[in-house]
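A short worksheet on the structure shown next.
4 protein chains.
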Amino acid sequence: MAPKTGKDYIASLKKLNLKTHIQGKETSDLAEHPLVAPSRRAIAATFDCAYDESTRDLFRVRSSLTGDEINRFTHLHQSTDDLIAKVRMQRHCGNLTACCFQRCVGMDAANAVFSVTYECDAAHGTDYHRRFRDFWARVQSDDLVVDGAMTDPKGDRGKRPSEQRDPDLYLRVVDRRQDGIVVRGAKLHQTGMLNSHEIIVMPTMAMRPGEEPWAVCFAVPTDTEGIRYIYGRQTSDTRKLEQPLLDVGNPRFGGQEVMTVFDDVFVPNERVFLNGEVDQSGKLVERFAAYHRQSYGGCKPGVGDVLIGATALIARMNGVESAGHIREKLIEMIHLNETLYAGGIACSALGHPTAAGNYEIDLLLANVCKLNVTRFPYEIARMAVDIAGGLLGTMPYAKDLDDPVTGPYIRKYLAAAEGTDVVDRMRVLRFIENIVAGAGAVAYLIESVHGAGPPAAQRIMIGRQGDIEGKIGLAKRLLDIS
Amino acid sequence: MAPKTGKDYIASLKKLNLKTHIQGKETSDLAEHPLVAPSRRAIAATFDCAYDESTRDLFRVRSSLTGDEINRFTHLHQSTDDLIAKVRMQRHCGNLTACCFQRCVGMDAANAVFSVTYECDAAHGTDYHRRFRDFWARVQSDDLVVDGAMTDPKGDRGKRPSEQRDPDLYLRVVDRRQDGIVVRGAKLHQTGMLNSHEIIVMPTMAMRPGEEPWAVCFAVPTDTEGIRYIYGRQTSDTRKLEQPLLDVGNPRFGGQEVMTVFDDVFVPNERVFLNGEVDQSGKLVERFAAYHRQSYGGCKPGVGDVLIGATALIARMNGVESAGHIREKLIEMIHLNETLYAGGIACSALGHPTAAGNYEIDLLLANVCKLNVTRFPYEIARMAVDIAGGLLGTMPYAKDLDDPVTGPYIRKYLAAAEGTDVVDRMRVLRFIENIVAGAGAVAYLIESVHGAGPPAAQRIMIGRQGDIEGKIGLAKRLLDIS
Amino acid sequence: MAPKTGKDYIASLKKLNLKTHIQGKETSDLAEHPLVAPSRRAIAATFDCAYDESTRDLFRVRSSLTGDEINRFTHLHQSTDDLIAKVRMQRHCGNLTACCFQRCVGMDAANAVFSVTYECDAAHGTDYHRRFRDFWARVQSDDLVVDGAMTDPKGDRGKRPSEQRDPDLYLRVVDRRQDGIVVRGAKLHQTGMLNSHEIIVMPTMAMRPGEEPWAVCFAVPTDTEGIRYIYGRQTSDTRKLEQPLLDVGNPRFGGQEVMTVFDDVFVPNERVFLNGEVDQSGKLVERFAAYHRQSYGGCKPGVGDVLIGATALIARMNGVESAGHIREKLIEMIHLNETLYAGGIACSALGHPTAAGNYEIDLLLANVCKLNVTRFPYEIARMAVDIAGGLLGTMPYAKDLDDPVTGPYIRKYLAAAEGTDVVDRMRVLRFIENIVAGAGAVAYLIESVHGAGPPAAQRIMIGRQGDIEGKIGLAKRLLDIS
Amino acid sequence: MAPKTGKDYIASLKKLNLKTHIQGKETSDLAEHPLVAPSRRAIAATFDCAYDESTRDLFRVRSSLTGDEINRFTHLHQSTDDLIAKVRMQRHCGNLTACCFQRCVGMDAANAVFSVTYECDAAHGTDYHRRFRDFWARVQSDDLVVDGAMTDPKGDRGKRPSEQRDPDLYLRVVDRRQDGIVVRGAKLHQTGMLNSHEIIVMPTMAMRPGEEPWAVCFAVPTDTEGIRYIYGRQTSDTRKLEQPLLDVGNPRFGGQEVMTVFDDVFVPNERVFLNGEVDQSGKLVERFAAYHRQSYGGCKPGVGDVLIGATALIARMNGVESAGHIREKLIEMIHLNETLYAGGIACSALGHPTAAGNYEIDLLLANVCKLNVTRFPYEIARMAVDIAGGLLGTMPYAKDLDDPVTGPYIRKYLAAAEGTDVVDRMRVLRFIENIVAGAGAVAYLIESVHGAGPPAAQRIMIGRQGDIEGKIGLAKRLLDIS
């Protein structure tokens with residue numbers, strides 16, 4: 022089957038019947054929901070790019086499973102070129118949408134599960150890899166959107182799963198049947214869930230012997246019986262419900278997050294990819310996390326590009342584009358943004374094949390990439406605020422523009438450099454606000470810290486992968502110390 | 022007259038008849054408006070502290086004009102101890118409200134106008150200082166709230182006032198009458214305006230010969246004919262209109278900003294404090310700015326304290342309070358916050374008397390103080406996000422707590438360390454969200470960059486006050502270079 | 022007795038007979054030693070300033086012990102004004118010498134021992150405070166230089182004193198006699214030791230019950246039997262032995278450090294100020310450290326001023342003084358330097374009296390001050406390198422200037438902006454090199470990190486003094502959480 | 022001819038007769054000079070690696086000119102894999118030597134001159150490319166070391182070459198003869214010059230019409246008539262002349278720099294590669310600089326590895342290896358070091374072929390790479406100082422170790438964790454000192470700022486290459502602004 026278009030994708034979602042609660046009530050028609058629509062449009066862009074002449078080659082690739090041409094968002098990477106192409110594709114999507122386009126997590130989960138199931142089968146004689154190949158071949162051929170769900174609620178973070186007052190605070194197998202398993206728990210912070218056809222569920226951390234029920238990985242359709250979605254709220258979210266839309270900042274795209282509850286959900290054996298093999302769980306977490314940390318080296322610079330562009334534009338509108346300090350700040354923003362991208366590209370270029378044959382990024386550099394992502398967007402945002410000016414926090418409501426008393430005052434007093442339309446200027450300011458302190462900041466700032474794991478998780482991996490003993494060896498050799 | 026209580030203050034506002042436009046409509050009853058009330062409560066706290074036993078001594082001081090006991094927020098500083106007390110008072114108010122309490126700007130304007138009018142009279146034989154003393158004595162005795170308005174819209178920032186297509190883009194005198202002047206223009210970013218009894222208007226920058234109409238300083242009551250207020254919107258502002266209030270983050274206090282339009286407003290001579298003396302305008306801007314930059318060394322650390330406390334509290338609730346990296350981040354947050362405070366205290370301790378007799382802070386250190394304020398809150402906010410976790414951006418609506426389906430799920434899956442109430446945990450998270458990415462971020466992040474002038478303004482002053490020639494002299498002396 | 026002049030001071034040193042080892046040989050005549058002389062001249066400056074008209078008032082103060090006029094470097098601070106004056110005095114000395122002038126450590130030790138002995142006497146009925154007053158009154162009246170020695174070698178830092186293979190790795194009492202004690206051990210990193218008349222020895226950390234032998238504080242003359250000094254080497258130290266002196270960078274002043282060995286040194290009872298009272302030891306360390314951390318808020322900005330001046334001067338010589346990015350960097354250097362100073366001033370302004378009557382700085386802010394000192398000099402140095410240019414690391418030897426072949430080439434090709442003497446330019450470059458990568462860097466960079474304790478020590482104190490519980494209380498009150 | 026060994030290389034240098042002035046006298050026997058030998062050993066390592074089994078494959082490559090197997094240091098890059106291999110090779114050399122191994126500059130110059138001469142010939146009908154190919158084929162086949170010389174003295178940096186009082190302050194053609202040109206001027210900061218067989222001279226910046234004499238590129242043997250070398254001095258350089266060598270820090274390797282004077286040097290036509298084509302000069306500077314900025318993404322992380330290793334080793338020796346804050350600092354050092362490497366790898370992975378056929382790195386990312394190199398080594402050095410402790414600046418002379426009085430004291434009091442040899446500990450400390458404040462700091466800190474151009478040069482390129490207009494376009498498209 023050929024890759025879907027954005028329109029095909031939107032249509033395909035209508036068949037899903039997701040049990041969703043938004044703002045205190047159960048909501049059946051997600052398709053028309055103004056809070057949900059922007060994030061669906063963002064995913065749709067990932068489909069349309071496979072048809073856009075300028076990006077078609079980047080977004081299409083030959084499947085290693087079927088030989089068919091597929092959307093790269095469903096690809097199992099076959100080379101370092103593939104890994105680099107992934108990052109470039111993500112930056113482009115960030116450029117188009119200036120928000121989270123959500124589809125990376127499934128791609129990253131698939132590449133991790135692919136190699137781990139292969140190694141698990143070798144170690145335990147299980148049949149997971151074949152199952153996963155079959156599942157993923159369908160995903161490729163139907164060009165599905167898949168969410169990857171990892172983060173458990175975790176309750177008291179100082180305690181292991183079995184020590185929690187409620188063992189469900191880590192998602193677990195509560196029943197093992199002949200034909201499958203029954204799971205209970207929740208996954209938090211799921212960005213693309215409501216816009217996905219399938220979910221891959223993974224354990225949230227390395228499990229130890231005795232924690233077998235929590236070492237579980239599987240896939241289910243998003244509208245499986247027993248799953249409920251509770252919509253998360255974002256900064257300034259309800260502006261999406263207002264008219265006119267100017268104040269929303271990003272006029273077409275946006276993100277969302279849901280808490281996903283698994284209330285005794287049945288998973289048939291054919292869709293189970295890990296089930297108690299605790300020794301594989303840490304590896305799965307680590308690999309998924311590393312792929313996803315690579316992803317941030319593409320998507321966030323992509324958003325950063327638009328933010329930098331908007332900041333340069335507002336400087337031009339304000340008549341200060343050529344001031345030395347403005348120019349220096351724009352250069353610094355670009356420098357930081359490109360340093361993020363360099364991390365994404367570098368961990369890709371130094372990738373290597375797994376035993377299963379797909380390619381994995383350099384684990385150390387992927388973590389280095391993400392650790393910078395937890396920092397630099399804050400500096401970039403601060404400089405954007407600096408250049409944009411105080412209006413970011415004080416500009417009147419769009420509604421006041423239409424008022425016969427206030428409208429003329431606003432147009433008179435928010436006029437800027439010659440040739441600048443006042444409403445355009447307000448648009449740019451609202452967009453910058455969106456990214457630095459509005460709904461977009463959830464993705465650009467909060468998620469940059471926590472997505473794919475918080476800084477402490479990256480630091481642990483850098484400590485492990487940084488080969489401190491090897492470095493001590495270099496010093497000893499040079500100094501002739503035994 | 023004795024200092025007002027918070028209740029007195031709220032009552033006094035009811036007599037004002039402000040022409041205010043909020044969310045696209047003119048609004049007569051500000052007293053009951055849920056967007057406005059939080060910011061009024063924040064100012065009320067500055068009055069109540071003068072009656073609270075633990076703070077009474079700090080908040081009351083003897084007036085240099087009348088000898089009466091007054092609220093320190095109306096004081097003309099008489100010593101470096103006064104300057105230090107001001108900063109301590111501001112930190113305390115930040116501790117109480119975790120938002121902008123708005124009343125500093127009038128105090129800072131008064132101290133600047135007091136000394137500049139004295140010097141202007143000496144230079145030009147004008148009568149401004151006596152007028153201002155009379156005016157301010159009334160402010161002290163009636164314990165009024167005064168807004169200080171400086172920022173003009175400025176249009177094309179690359180051009181001088183007279184070069185703008187619309188000369189009103191800088192507020193100016195459009196008519197000089199026997200009994201007073203008529204002014205036209207607007208002042209942006211006015212935080213405390215709607216909660217003030219009086220406005221002191223100042224020029225926005227140093228004016229030059231030929232720019233006399235723009236070199237104007239005066240005071241008018243906030244409900245003077247011809248003044249209109251257009252309410253600015255803040256991130257997540259409409260959460261203040263929701264029920265339940267949990268999601269608003271800061272349950273009692275908050276800020277706001279208005280654009281203030283002066284549409285041919287008449288000012289009687291007795292209230293005019295500068296009128297065309299361009300040589301005094303730059304000094305007035307510089308002094309007001311320096312006092313106000315000192316202020317940020319008090320109020321922002323005050324908010325920072327609460328944010329740090331909330332962050333430590335959420336760490337405790339999550340069961341990670343004793344983790345090494347959490348502890349290190351909290352220490353770093355404190356370190357940065359105290360560095361801000363050190364700036365506020367230091368510029369106060371090295372203050373000096375003006376010719377008029379009131380005390381002025383050290384100009385260099387006041388600018389250094391503020392320049393740190395433009396940076397460190399972003400780092401503090403980033404670390405708060407890091408510790409608080411991803412729920413900051415994904416937590417369900419408060420409304421879902423009451424739903425019979427979702428409420429139990431939320432309580433089950435957001436449970437944390439033993440002894441932690443789930444709703445309390447949500448309160449803490451919503452508060453942190455408020456400061457780092459919600460309505461509070463307008464004050465804590467955006468205003469920290471732009472309030473009292475943007476970083477570039479501080480840098481210019483540091484360049485001027487930093488005595489580079491003197492430092493070159495030190496090097497030359499040491500190296501024996503002539 | 023009147024304060025000494027620098028000349029008096031230099032003369033007084035000749036009477037001392039210090040057992041000193043420099044560069045592998047015992048050295049008797051320190052007075053003429055070219056490695057030692059620059060550091061003696063630096064201390065002499067602290068004496069001469071008490072006679073210089075422009076600084077006399079700052080450097081002289083009335084003794085609280087004797088009522089006589091004394092050099093402030095021997096003062097027990099009696100007010101916050103005294104604490105501020107101390108920091109201003111230190112900055113001035115840094116301005117004069119661009120190196121460590123060594124005399125603060127004794128002043129800081131005295132102020133700490135003064136209050137701790139008072140409290141120890143109250144707790145234990147000891148007679149230490151009277152002894153110390155007598156000792157210190159002599160110091161004041163003879164205007165002596167006193168070293169304060171705290172840092173023990175510490176061996177395996179993971180172990181307590183008694184757990185070390187060699188108990189002497191922490192200086193300890195090895196014998197208690199009727200008339201005094203005998204001590205053994207070493208103190209590292211002693212900057213002013215060879216230029217001092219007296220040493221105050223203090224414990225290196227808080228001792229616990231069972232560690233009484235290590236909880237010892239006393240004073241001895243520097244030429245006491247059993248004390249030996251092993252000279253430490255500094256980066257580029259031997260340039261002080263070369264001719265011409267141009268390459269040394271700082272032509273008149275410099276620092277040094279010695280390891281001081283106490284090989285069974287007898288201390289008479291009258292000079293013992295702590296002897297086994299372990300509960301007082303931590304307090305003594307903490308107070309001395311805090312006074313000394315305050316000191317860094319004066320001396321390092323003082324050196325920073327000269328470095329900034331030299332950097333501005335080389336920019337002028339290179340013809341780039343007015344380039345925007347140069348100007349921005351100079352401003353940033355000033356900003357960072359003044360932030361250090363603000364820490365020193367702020368902890369002084371918020372000081373408070375001890376039970377013994379002398380004044381102590383605010384402990385939290387003193388630690389905040391020093392923690393910034395461990396960071397900003399590196400940034401300032403980096404910017405100095407940036408502006409100064411690559412010649413910092415590649416400039417020919419001064420000796421080549423006199424060579425008939427190379428001299429003309431150097432003068433031809435190192436010529437810079439009109440009016441700049443080539444040798445002056447080389448002087449400025451060598452001076453900058455001295456501070457950022459030469460002998461001066463030991464004081465400006467390495468000592469800024471480790472003097473008065475490393476960053477980790479300041480962080481521990483900030484964690485303790487930062488009142489995290491109080492901050493949690495602020496958040497709880499605002500959020501109405503019990 | 023097969024690649025040389027290190028021994029071959031050292032032998033080949035003996036034939037050179039370089040006119041060198043060191044420490045004020047002309048020096049004929051460089052081979053035995055203790056200041057020079059360490060830097061020659063560092064280059065020799067680049068030859069030996071082509072014979073070491075573990076690195077042979079990385080260091081050997083097939084020449085695109087001759088088809089022979091050559092040392093990669095003379096390679097014209099043929100692919101992005103070649104560009105990545107270059108960076109990996111450089112990191113390895115940094116690991117081996119912990120200093121500048123000098124040989125990159127010729128490789129980088131060659132790759133730039135190769136493509137620019139090709140384009141110059143196409144534009145101007147010149148014969149430069151063929152000449153350069155011939156020249157470089159000999160370099161490859163003889164496995165020569167080539168220095169690339171770019172930096173002119175520049176005199177008053179605010180003026181163009183022809184505006185200088187002395188036109189020679191920029192190297193220029195002073196005579197054009199039938200058979201060649203005569204040049205005069207100087208090149209500063211030449212690291213590998215004294216250890217090179219050949220020099221490629223390039224212009225220092227983009228020349229403009231009218232500045233033809235300064236737009237010159239050519240190659241000459243290092244011992245050409247008229248060339249003189251004046252040795253530059255480094256921090257702590259004379260420790261290399263001392264015995265024992267312990268205090269030198271890096272026992273085998275080190276760097277050096279010379280000022281190179283061209284006093285009317287004749288260059289035959291066959292060795293001239295640019296001669297007045299001003300339109301090609303800026304491109305040549307830009308390309309060489311970009312290749313060389315890429316290089317810093319390899320060599321500096323290579324040195325960083327050893328510094329991090331030494332820092333971890335001293336922490337272990339001190340018994341604090343497992344302390345949380347030590348661990349966190351080591352992780353941060355690794356993170357910063359790998360971010361530098363990521364820049365080097367990323368600009369390589371996104372390289373592209375030039376018209377001449379060799380590969381060029383991504384210009385934007387190469388500049389981003391280097392701009393980070395101007396910053397992070399300072400932070401890494403600061404953390405190394407922090408962990409290493411104050412002994413870095415105060416440790417006794419190696420000579421004192423042999424003294425019968427001081428030796429035992431030093432061994433007693435510098436003892437650390439069990440199993441640590443005191444002299445080994447001193448070796449590690451001296452090595453760290455070497456990198457952060459000794460001779461190694463010239464390369465690791467000063468050169469990291471200025472090598473391949475100072476930060477301002479990288480910022481200009483980032484501003485140019487950062488496509489600000491394109492980014493504005495992204496914002497406009499998203500916001501539907503025309």
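Chains A, B, C and D, in that order, are what the protein sequence lines are.
Take the first sequence: its position 262, counted from the start at 1, is 283 in our numbering, and no numbers get skipped.
Take the second sequence: its position 298, counted from the start at 1, is 319 in our numbering, and no numbers get skipped.
Take the third sequence: its position 414, counted from the start at 1, is 435 in our numbering, and no numbers get skipped.
Take the fourth sequence: its position 365, counted from the start at 1, is 386 in our numbering, and no numbers get skipped.
All residues carry an ideal CB built from backbone N, CA and C; glycine is no exception.
Euclidean distance between Cα positions of residue i and residue j
i, j, result
"A:ARG93", "A:VAL126", "13 Å"
"B:ALA344", "C:ILE481", "14 Å"
"C:VAL286", "C:ASP424", "53 Å"
"A:ARG197", "A:PRO289", "10 Å"
Enclosing alpha helix (DSSP H) for residue i [first to last residue]
i, result
"C:GLY169", "From DSSP, C:GLY169 is part of no alpha helix (DSSP H) but of the beta strand (DSSP E) over 167-170."
"C:GLY330", "299-339"
"D:PHE135", "125-145"
CB of residue i within 8 Å of CB of residue j, strictly
i, j, result
"D:GLY340", "C:ASP177", "yes"
"B:TYR139", "B:ALA377", "yes"
"C:ALA131", "C:PRO265", "no"
"C:LEU305", "C:VAL237", "no"
Limits of the unbroken beta strand (DSSP E) element including residue i
i, result
"B:MET280", "279-289"
"D:VAL237", "237-242"
Please go through the segment 447-483 of chain D and give each complete alpha helix (DSSP H) segment of 4 or more residues, from N-terminal end onward. 468-471
Are the segment 131-143 of chain A and the segment 182-198 of chain A in contact at 8 Å, needing three or more beta carbon pairs? no
Segment contact, 8 Å Cβ cut-off, at least three pairs: the segment 381-394 of chain B with the segment 485-495 of chain B: yes
As an exercise, report each continuous beta strand (DSSP E) stretch of at least 3 residues that is fully enclosed by the segment 196-232 of chain A, in chain order. 201-211 and 219-222
Complete runs of the alpha helix (DSSP H) confined to the segment 354-390 of chain C [at least 4 residues]: none
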